[in-house]
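Enquirer:
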Amino acid sequence: VLVGGVANTLFKFDLAAGKVVEHWEVGGPVQALAVSKDRQSVFLGLSDGRVQRLDSNLRVLGEAHLHEGWVSGIELNPRLEYGVSVGADGKTLFWDAKTLRVLESRQDHAGRVTAIAVSADGKHIVTGGEDQSLVISAGDNPWPRIAVLHGHRGTIRCAAFDATSRWLASGSDDASVHLWNMTALRILPQTMQKTSGRAWNLRMAGARVTLVE
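Set out below in structure tokens:
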């Protein structure tokens, strides 16, 4: 597991041993991180708007200043054809995964974009932001917008698809987690109301939702 943060350091954890096995100094605070499916490429989103591509030994292969302000999320197409990043500048950027060249720039949200997820089959991309909405786009170029979903009453902090790509979960500052049916693109009746505060991250494993608060 790779973990970044405000300390300008990237840590590699061995989960079985329960300890840090390596660490590297990077070019700034790491706000977002994505690893390719084959584990040969690592993409970092930094607080100054830069996106870096690294190899499996964390050597920098390329860098581009894509956003103004921090990069809040990075996701990769399963075939590593392109990456998607979102940030404090309100932009959703689609870029070539090898060259980091921007392929499309969109302003889908009013305010900062704070969450992003790509479905396991690569067919859908979801972004969420301060405007309390989720924007669903198709996963193939030119990535047309399919729907805008409403239901949260606070900034959306996280989103995740399940392994079948049929279900979407989203978490917000309103202390709730919403489950969405991707076939009907509607919220499900079993929305969960959390008892504490913000949902900062979540993952889906079958019907189970794991939260980081």
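To convert a position in the sequence shown, counted from 1, into my numbering, add 925. Glycine included, C-beta positions come from ideal geometry on N, C-alpha and C.
#1: Which class does H990 belong to by DSSP, given the choice of helix, strand or coil?
#2: CA-CA distance, A1088 and G974?
#3: Spell out the partners DSSP gives E1183 in its beta bridges.
#4: Indicate the three-state DSSP secondary structure (helix, strand or coil) for T1052 in the structure shown.
#5: Per DSSP, which one or two residues make a beta bridge with D939?
#6: I need the straight-line Cα distance from E1000 to V1009, nearest angstrom please.
#7: Could you tell me whether the stretch 1099 to 1113 touches the stretch 1064 to 1079, where touching means 3 or more Cβ pairs closer than 8 Å?
#8: In this structure, how does DSSP classify A1088 when only helix, strand and coil are distinguished?
#9: Could you pull the start and end residues of the beta strand (DSSP E) that A1042 belongs to?
#10: Could you tell me whether the stretch 983 to 994 touches the stretch 1043 to 1053, where touching means 3 or more Cβ pairs closer than 8 Å?
#11: Any C-beta of chain C sitting closer than 7 Å to the C-beta of E993?
#12: So what's N1066 in DSSP terms, helix, strand or just coil?
#13: Going by Cα to Cα distance, which pick from Q965, V955, N1002 and E1029 is closest to G994?
#14: Which residue's Cα is closest to the Cα of I1050: A1035, R1078, F1019 and K1023?
#15: Using beta-carbon positions only, say whether T1052 and T1017 come within less than 7 Å of one another.
#16: Suppose you measure from the CA of V902 to the CA of G1079; what does that come to, to the nearest Å?
#17: Would you report the Cα separation of D939 and L1093, rounded to the nearest angstrom?
#18: Alpha carbon to alpha carbon, what distance is there between R1031 and H948?
#19: DSSP has S961 in a bridge; who is on the other side?
#20: For T934, name the three-state secondary structure that DSSP assigns.
#21: Going along the chain, which residues of its own chain have a beta-carbon closer than 7 Å to the beta-carbon of N933, five neighbours each way excluded?
Expert: If we stick to the structure as given:
#1: Residue 990 sits at position 65 when you count from the first residue of the sequence shown. Strand at H990.
#2: On the sequence shown, position 163 is the one that residue 1088 refers to. On the sequence shown, position 49 is the one that residue 974 refers to. Those two C-alpha atoms are separated by around 30 Å.
#3: The structure shown has nothing for residue 1183, since the chain only spans 926 to 1138.
#4: Locating residue 1052 in the sequence shown gives position 127, where the first residue counts as 1. Correct three-state label for T1052: strand.
#5: For the purposes of this step, residue 939 is taken as residue 14 along the sequence shown, with counting starting at 1. Bridge partners of D939: K944.
#6: Numbered from 1 along the sequence shown, position 75 holds the residue referred to as residue 1000. Numbered from 1 along the sequence shown, position 84 holds the residue referred to as residue 1009. Roughly 5 Å separates the two Cα atoms.
#7: yes
#8: Position 163 of the sequence shown holds residue 1088. It is coil, neither helix nor strand.
#9: Taking the first residue of the sequence shown as 1, we reach residue 1042 at position 117. That run of the beta strand (DSSP E) goes V1038 to V1043.
#10: no
#11: Of the protein chains in this structure there is only one, and it is not chain C.
#12: The residue labelled residue 1066 in the question sits at position 141 within the sequence shown. Of the three classes helix, strand and coil, the one that applies to N1066 here is coil, per DSSP.
#13: Translated into the one-based positions of the sequence shown, residue 994 becomes position 69. The option with the nearest alpha carbon to G994 is V955.
#14: Taking the sequence shown and counting its residues from 1, the one referred to as residue 1050 is at position 125. Of the listed residues, the one whose Cα sits closest to I1050 is F1019.
#15: Locating residue 1052 in the sequence shown gives position 127, where the first residue counts as 1. Locating residue 1017 in the sequence shown gives position 92, where the first residue counts as 1. Yes, these two residues count as a Cβ contact at 7 Å.
#16: With the chain covering only 926 through 1138, there is no way to say anything about residue 902.
#17: If you number the sequence shown from 1, residue 939 lands on position 14. If you number the sequence shown from 1, residue 1093 lands on position 168. Each residue's Cα considered, the two are about 29 Å apart.
#18: Stepping through the sequence shown from its first residue, residue 948 is reached at position 23. Stepping through the sequence shown from its first residue, residue 1031 is reached at position 106. Going by the C-alpha atoms only, they are around 35 Å apart.
#19: In the sequence shown, residue 961 corresponds to position 36, counting from 1. Note: S961 sits in no beta bridge, so no partner.
#20: Residue 934 sits at position 9 when you count from the first residue of the sequence shown. Looking at T934 - three-state DSSP - the assignment turns out to be strand.
#21: Within the sequence shown, numbered from 1, the residue matching residue 933 stands at position 8. Taken in chain order, the residues that qualify are E950, V951, G953 and P954.
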